[in-house]
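Numbering (the numbering used here), first residue to last: 3 to 428.
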Ligand code: NAD
């Protein structure tokens, strides 16, 4: 008798969900949030769990796969959020990510509520054909709950531009006409926005530059360490280097590379194109992902998995600024330690909001069938990120609190006002 992979208790009991709820609880208490609203915000408004068969390339092997789409808040407009393919995806993790999307959109002022999706599968185990097959089947399972006016997916860990193109195609095939606005992060040929690929990284570095300004430092010449050399991490590294920063270490799931004098990023990119992983890159020392977090640097950018900086290693971090490209990289315990040590933390819901901001631009361009130049996209993105950083920082000073609490207060506060205005149906 096969054991079902769906165990309701385990499904919710994820460290990321506990972290997201604990952050909300702390903020709600401080804001004296209405108890009913507080309860509503702790759980998603809608959560879909699907299971489906998936055939491997050898044709004989068939696996049962679980997929999710969670819509945390439907108050502000359609819901918006990425799709993650990873082995540890469960309902709790996807819900945490959806909740963070709600705060993120509210902080930068986008007309969306938070959502997130995921498929529990190891993306590194998939051939290109398998990746396409699993994507098309997952999309047909959730086709009724997504749509340009309903819920708009985007890339996240394990998914990219090509996966977004397949999502758009599958959805369009089922509707019978082309619907570019159902997904963002598409290739520009299909209605994707210029600048979307680098948007999250650009937002992270815009915030890091703002933090440098606040601390009286310069990003030029600063040492930068990046965990996770994917869509977010590689763009953040490249843009940091354009600002004159020295990118000294980067990593992927297999480990990292470290060169105290600075990495040649063009050579790193060539190596990754040819070898897929960073391992073996010549001219740099290899480090584990845990060692990488503890390297001496001015700016540390986690841009991979969640709960990386915990009570166990927060004391040992040597950075001055922690700019969270990843979602949920820092536990509450670590937050307290970093705060006491004077590390300037730019929280995920602010630092990585550049991705959803340009996704919003893409959705607007698709609706208007009128496309902007890359310069225009980048300029508007930098304006929005700078303004959001400065407003959150001013709130943090006024409330004498840290940037995470101030960001959450701003996000939760905006949602609270919108909910109050809409009232209760019926
Ligand atoms: P990606 O799949 O493009 O890249 C992820 C990178 O991290 C890869 O290099 C992978 O090898 C590495 N990695 C995976 N697991 C790891 C682990 N346990 N330890 C160290 N490295 C590991 O993903 P991405 O889209 O760049 O997303 C990275 C993070 O940024 C995620 O937390 C995601 O939620 C967040 N994020 C992404 C976007 C976006 O626009 N893509 C937007 C906001 C936030």
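For each residue, glycine too, the CB sits at the ideal point set by N, CA and C. No experiment lies behind these values; they were computed from the predicted model shown.
Report the rounded CA-to-CA distance for residue i versus residue j, giving the unit in angstroms.
{"i": "residue 212", "j": "residue 288", "result": "31 Å"}
{"i": "residue 108", "j": "residue 28", "result": "18 Å"}
{"i": "residue 419", "j": "residue 280", "result": "47 Å"}
{"i": "residue 242", "j": "residue 94", "result": "33 Å"}
{"i": "residue 310", "j": "residue 178", "result": "44 Å"}
{"i": "residue 37", "j": "residue 43", "result": "10 Å"}
{"i": "residue 278", "j": "residue 89", "result": "19 Å"}
{"i": "residue 146", "j": "residue 369", "result": "20 Å"}
{"i": "residue 397", "j": "residue 363", "result": "27 Å"}
{"i": "residue 1", "j": "residue 255", "result": "Not covered by the structure: residue 1. The range shown for the chain is 3 to 428."}
{"i": "residue 65", "j": "residue 305", "result": "30 Å"}
{"i": "residue 148", "j": "residue 163", "result": "18 Å"}
{"i": "residue 331", "j": "residue 184", "result": "29 Å"}
{"i": "residue 341", "j": "residue 372", "result": "45 Å"}
{"i": "residue 239", "j": "residue 161", "result": "20 Å"}
{"i": "residue 63", "j": "residue 123", "result": "15 Å"}
Going by CA-CA distance only, name the one from the options that's closest to residue i.
{"i": "residue 333", "options": "322, 320, 349", "result": "349"}
{"i": "residue 421", "options": "76, 18, 365, 336", "result": "76"}
{"i": "residue 365", "options": "397, 297, 196", "result": "196"}
{"i": "residue 57", "options": "248, 132, 125", "result": "132"}
{"i": "residue 406", "options": "336, 82, 379, 88", "result": "336"}
{"i": "residue 165", "options": "45, 87, 143", "result": "87"}
{"i": "residue 245", "options": "257, 232, 262, 226", "result": "226"}
{"i": "residue 257", "options": "283, 171, 179", "result": "283"}
{"i": "residue 192", "options": "318, 281, 181, 396", "result": "181"}
{"i": "residue 21", "options": "178, 312, 272, 127", "result": "312"}
{"i": "residue 114", "options": "34, 261, 83", "result": "83"}
{"i": "residue 198", "options": "378, 63, 270, 290", "result": "378"}
{"i": "residue 52", "options": "120, 417, 318", "result": "120"}
{"i": "residue 291", "options": "128, 259, 117, 45", "result": "259"}
{"i": "residue 167", "options": "262, 376, 139, 134", "result": "134"}
{"i": "residue 415", "options": "26, 12, 13", "result": "26"}
{"i": "residue 30", "options": "423, 428, 18, 417", "result": "417"}
{"i": "residue 222", "options": "128, 97, 248", "result": "248"}
{"i": "residue 403", "options": "17, 376, 152, 344", "result": "344"}
{"i": "residue 67", "options": "125, 24, 117, 32", "result": "125"}
{"i": "residue 425", "options": "274, 45, 78", "result": "78"}
{"i": "residue 69", "options": "274, 409, 118", "result": "118"}
{"i": "residue 314", "options": "273, 24, 339, 274", "result": "339"}
By Cβ distance, which residues of its chain are closer than 8 Å to residue i, with the 5 residues on each side in sequence left out?
{"i": "residue 209", "result": "325, 348, 352, 353, 387, 391"}
{"i": "residue 346", "result": "213, 216, 217, 322, 323, 324, 405"}
{"i": "residue 393", "result": "412"}
{"i": "residue 2", "result": "In this structure the chain extends from 3 to 428, so residue 2 is not present and cannot be described."}
Just grab the DSSP bridge partners of residue i for me.
{"i": "residue 81", "result": "115, 153"}
{"i": "residue 69", "result": "52, 121"}
{"i": "residue 180", "result": "For residue 180, which the question treats as bridged, DSSP gives no partner whatsoever."}
{"i": "residue 323", "result": "301, 346"}
{"i": "residue 332", "result": "311"}
{"i": "residue 287", "result": "260"}
Would you call the CB atoms of residue i and residue j closer than 9 Å?
{"i": "residue 320", "j": "residue 294", "result": "no"}
{"i": "residue 85", "j": "residue 155", "result": "yes"}
{"i": "residue 327", "j": "residue 104", "result": "no"}
{"i": "residue 265", "j": "residue 237", "result": "no"}
{"i": "residue 233", "j": "residue 252", "result": "no"}
{"i": "residue 188", "j": "residue 358", "result": "no"}
{"i": "residue 172", "j": "residue 202", "result": "no"}
{"i": "residue 159", "j": "residue 307", "result": "yes"}
{"i": "residue 268", "j": "residue 250", "result": "no"}
{"i": "residue 81", "j": "residue 14", "result": "no"}
{"i": "residue 329", "j": "residue 99", "result": "yes"}
{"i": "residue 92", "j": "residue 16", "result": "yes"}
{"i": "residue 355", "j": "residue 235", "result": "no"}
Keeping to the same chain, check which residues put their C-beta closer than 6 Å to that of residue i; ignore five residues upstream and five downstream.
{"i": "residue 361", "result": "156, 186"}
{"i": "residue 200", "result": "237"}
{"i": "residue 49", "result": "72"}
{"i": "residue 139", "result": "54"}
{"i": "residue 300", "result": "224, 225, 322"}
At a Cβ threshold of 9 Å, is residue i touching chain D?
{"i": "residue 327", "result": "Reference to chain D is not applicable here, since this structure consists of a single protein chain."}
Leaving out five residues on either side along the sequence, give the residues of the same chain with a beta carbon under 7 Å from the beta carbon of residue i.
{"i": "residue 176", "result": "142, 145"}
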